[in-house]
Structures are given as structure tokens and as C-alpha cells.
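Under the working numbering, the residues of the sequence shown are numbered 1480 to 1982, in order. Yeah, the Cβ is synthetic: ideal placement off N, Cα and C, and Gly gets one too.
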Amino acid sequence: MTRRLVFSYLSLMLLVLLALEVPFGFVYGRGELSRFSNTAEQGAMTLADVCEEKLERGLAAELPELARNYSRRTGSRVIVADQNGIVRTDTASAPATTVGKDLSSEPDIATALHNQPAIGTRDATATDGEALFATVPGSSGADNAVTCVVRTVHPLDSLTEKVHTTWAVLAAVGLGVLATVAVIGFALARSITRPVRALERATAQLADGRLTDPPAADRGPPELRRLSASFTRTATRLQHLLRAQQAFASEASHQLKTPLTALRLRLENFEPHLSPSAHGSLDEALAEVERLSRMVQGLLALARLENSAITPEATNLDTVVADRAAIWTAFAGEQGVDITVTGAKAGHVWAVPGALDGIIDNLLSNALRASPPRTAITLTTVAAPGDGGRTPPMAELHVMDEGPGMTESERQRAFDRFWRAADVHHDGTGLGLPMVRQLARACGAKVSLHAAPRGGLDAVVRLLPAPRRTPDTTRRSTRADNNPLQHLSDGRPEARQRHGDSD
């Protein structure tokens, strides 16, 4: 932002300088040429009057000396011709080549012989550059008969150098003004953007979960001061709400599980006192209590996930997939379902510690519920190249089952909380896929559902690739005991008990 402000200041000042200095330079150059032309014409007319007087008195022999004196004084070349256009004297270095030559056919001489002056510029033969010529008649008498013609040729080197010097001075002044504006503009832009940078840092801190350095509300323009004060109040309010929500999630995890556990024990204690015909209703009541317990755990897990601000790190996707597939294989075998892992090595991806475990656990739990016996669940990893534009290279994880699948409308609603298909009769809570989506977002990944090639459901997770890390470090980070994203799975009660999950 600072660079853009300074660039805008410099652009505006450059336009102002160009609008002022360029016209001034052209006007100055034309004015200097006009003054030089008038001076040359006046001098040539004065010399022509003197030459005309010398010729009338019969003193033509004095013309060469008169022309040389004028040439030395003005630095010009002087040619004097008679009334027929014959050159009488020339101050050039080789006058013998022109004295006696008839110049009446040349345009400026012919104009002067008709008693009209001729002023203009042309390439000089005796100088290195352009020259200005002034050709005037010397006339006298009542009929203004032309007695002689005087042509003076003035080199324009000195005038051109003077004009170029003026342009150089204008350019130097413009550069000096631009440099001054750049320094002042940079200082001004820094003072304006300093509160904005403070707000940016504070926003980043708030996005990470805690505002430790609130922006100062007494610096910068009044509008930014008010914005900083409003942001600080908003951030303080949000932090208070987040702490309250985190406290609720922490307390509710204990307050809700205790009565549910007590209710389940009381229901189980009824079993010896009930008639066999009521055992079915008791089993259904126990199943509903278990489902309610898992639902509470899922809601608490989602609350912890939404309140967590954990930085993604490089995680070996192939290792996590193999690990979770091995854990779920025994549980799937009890239902007559095989779990296979295929595909190329996907390598390391960016993921929040523990998130990949939760994503795969929930997807396998859903796939296992929908898979009939003697079918297979396939986990496939694919390295998807980018298109060189908006889509970067990604690593894809496919979890495919051979169940009944979902329609397009059902796949669009599958990520809504508590939603379950109308024809599904399992005991899911409707929180598994919402947790998968939240975990994927925390990793900067995307998850979508598609129709599988064999008629089931294909859950696709697209993850960003990451630099390689050592496997020990990666797995230790994903198994940290204090990781708030651990054990976020809807279902698989046997697996939870097997791994000591107390949620």
C-alpha cells in the first residue's frame, strides 16, 4: 500500500511537471529563435544600408573590409551582391569561389532583388549544423531601386546549446521535485499505512486465536483511529465469546456424559426385572441413549474444532492412510467387508495434526455403515497436477464403497448437520460428514462426494502438497495427546474403546 501511495503521488506530480515544463520549454525555444531572427534581420538591414551608401558613392572597394568587420562582430558569414545578383564580396574562408558568381536564381536572393527580405533556416555549408540566414535588399531613391543585396548566415550552434541547456535545467528541476515528492510522499504514506499495518497484524493474531497486540487508537488519520478502536472492541467481544464457548464445550463434556452414563446404567439395571417381551424395547432405548451419547460427543467435537486455531504442518498422507486402514480392517472384517489401499504414493500434504486421522475415520465409518457384506471399501491416493493457472497441484484421497450410494440432491445435503438419508436405517448421528468438512477446512483442503464407479459413494478429499518431513516427526505431531482434533469420529464404538477414546 505504501508503494502504491508513493507511486500515485509521483504520477500526479509527473503529470503536473510535464504539463508545466514541456510547454515552457517549447515556448522558450521558439522565443529565443524569434529574438535571434529579429536581431539578425536588423543587423543585416543596417549592413545593407551602409553597403548601398558605399556603392552609390563609388566606394565599392571598402565593402570587403566592412563585411569582415561585421562578420567578426556577429560570428556570421556575409555575402554582398549587386543589383544583378553578382557576388561582390564574401567573408567565407574561400571567397574566390563565390566572388563574381551569379546568385540571382537562389530563392532568398531573388526575393531580396524584388525588394523583399527573406528570413529562414537551412543546413549551413560552413558550419557543423543548422544556420539562420537573413537576406535583405539595400534600396534607395524614390522608386526604392535595389542597389545591393546582403545575406548574413548565422550558425545556430550557440542557440541550440542554450535551448538544450534550458531543457536540461528543466529536467533537473523536475527530477529534484520528484525526489522531494518521493521522500515526502513516502513519509506521508508510512504515517497513513502504519495504522493499517497494525490492523493487519492484529487481524492475523485474531485469526490465530488470540489478540495479543491490539492496534493503537491514537495514531493515524481520524478515520483509522475510529476503525482501530472499533476493531479492538469487536476483537475483545469475539475473544470473550470464544472463551465462553470453549468453557461451555469443556464443561458440557463432563456435565452431559455423566447423566447419560447414569441413564444407561439404570436402563440396564431394569433388564432382570422386565419380562422377555419388553427386552426389545429396552434394547431400543439403550441404542437411543448410545446414539444420543455419540451425538453429544460429536457436537462437542465440532465445538472444539471450530474453536481451535492450529497451524497445518507437513504430514505423510500415505502413512496415515495405511495406519487407519490397518486399524479399521479388523472391525470391517466382522461385517464381512474388505478394506484395500491402492494408488500411487501421494507423499506429504499440509494438514492440522490429527485432522487426517479424523477425516479418514469418519469416511470409513460412513462407508462401513453403507457397505453390504462381501463388498470392499477402497482407499486410493492420487497426485492431481494443477492446470498452471488458478488450480494448484493437489493430492487426492478417494474413499469408495459399494453400497447403495446417494442421489445428486442427497450428496449436496450430506454435509448438513444431523441430516440423514430417508431410507437409511443405521444408527448414525448425521455429524460425521460435517466434521469431515470442518477438518478439511482446517487443513486448507476440500471434500466432495461423487458417484463411485461400482454404484456406491466416492468421497474425495483434495489436499495441498507439502515439503517432505521425517516420518517420526510427522506421526508424533499427529498423535499429540493434547491435540484438540483427536478422536473426531462419528461411530465405530468398538474402535474407540480399543484405542482408549473417552469421548
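Runs of beta strand (DSSP E) with 3 or more residues, each lying fully within the segment 1633-1720, are absent. Between residue 1834 and residue 1946, the C-beta spacing is not below 9 angstroms. In this structure, the beta-carbon distance from residue 1844 to residue 1816 does not fall below 9 angstroms. When rounded, the separation of the alpha-carbon atoms in residue 1506 and residue 1646 is 11 angstroms. Scanning 1764, 1825, 1754 for the CA closest to the CA of residue 1745 turns up 1764. Residue 1543 sits in a helix when the DSSP states are folded into three classes. A Cβ-Cβ contact shorter than 9 angstroms links residue 1616 with residue 1593. Looking at 1812, 1577, 1877, 1748, the one whose alpha-carbon comes closest to that of residue 1930 is 1877. Residue pairing of residue 1873 in beta bridges, as defined by DSSP: 1863. Per DSSP, reduced to three states, the secondary structure at residue 1922 is coil, with no helix or strand assignment. The C-beta distance from residue 1942 to residue 1829 rounds to 7 angstroms, short enough to fall under 8 angstroms. According to the DSSP secondary-structure assignment, residue 1565 is paired through a beta bridge with 1581. Within the model, the alpha-carbon separation for residue 1661 versus residue 1796 is close to 51 angstroms. One thing to note: residue 1665 has its Cβ within 9 angstroms of the Cβ of residue 1481. Residue 1911 sits in a helix when the DSSP states are folded into three classes. Residue state for residue 1898 is assigned as coil, using DSSP reduced to three classes. In this chain, the beta strand (DSSP E) harbouring residue 1609 covers 1609-1619. Residue 1535 is not a Cβ neighbour of residue 1641, given a cutoff of 9 angstroms. In this structure the segment 1508-1522 does not touch the segment 1532-1548; the number of beta carbon pairs closer than 8 angstroms is below three. Residue 1802: member of the alpha helix (DSSP H) spanning 1796-1812, first to last residue. Taking residue 1638 as reference, the option from 1940, 1913, 1514 with the minimal CA-CA separation is 1514.
Listed as beta-bridge partners of residue 1927 by DSSP are 1939. Ranked by Cα distance from residue 1689, the first of 1676, 1699, 1716 is 1716.
Annotated as proximal: residue 1935 and residue 1879, with beta-carbon spacing under 9 angstroms.
Residue 1862 places its beta carbon less than 9 angstroms from that of residue 1823. Residue 1892 is not a Cβ neighbour of residue 1839, given a cutoff of 9 angstroms.
For residue 1820, the uninterrupted beta strand (DSSP E) run begins and ends at 1816-1822, by DSSP. DSSP places residue 1485 in the helix class (H, G or I) of the three-state scheme.
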